[in-house]
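Under my numbering, the residue at position 7 of the sequence shown is numbered 25, and the numbers go up by one with no gaps.
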Amino acid sequence: MFDDDSRYADAEEKTVEDSRGRQVRVVSVPDAPEQSRAGVHRRRQGQRLDHLAHHYLGAATDYWKICEINDAMYPDQIAEATNVDIPDGQG
């Protein structure tokens, strides 16, 4: 269901019933990876998290690691942040 390098690749899948009685496949949220902070990036206007992830972590799809280390569930929570913590890329 997910790419091998996705954070959800090994997540447990199950089927639940929604409020309309439909069967829906869901995955559990994986635990946050162990990460240490490599530094802080001072953002300029127009810089997106996927761009920062590509620059610092080598993959734009790792933007979620920046969200995790900044304690943000959604990228929009830090969309306007001036200073963004950057993980060391080892997590």
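We put the beta carbon where it would ideally sit given N, CA and C, even for glycine.
Computed from a predicted structure; not experimentally measured.
| Check | Outcome |
| --- | --- |
| Leaving out five residues on either side along the sequence, give the residues of the same chain with a beta carbon under 7 Å from the beta carbon of ASP36. | VAL42 |
| Across which residues does DSSP place THR33 in a beta bridge pair? | ARG43 |
| So is ASP22 buried or exposed if we call it buried at 16+ other beta carbons inside 10 Å? | exposed |
| Apart from the five residues just before and just after ARG55, which ones in its own chain have a Cβ nearer than 8 Å to its Cβ? | ILE87, ASP103, ILE104, PRO105 and ASP106 |
| Can you say whether TYR74 is buried or exposed, counting buried as having 16 or more other CB atoms within 10 angstroms of its CB? | buried |
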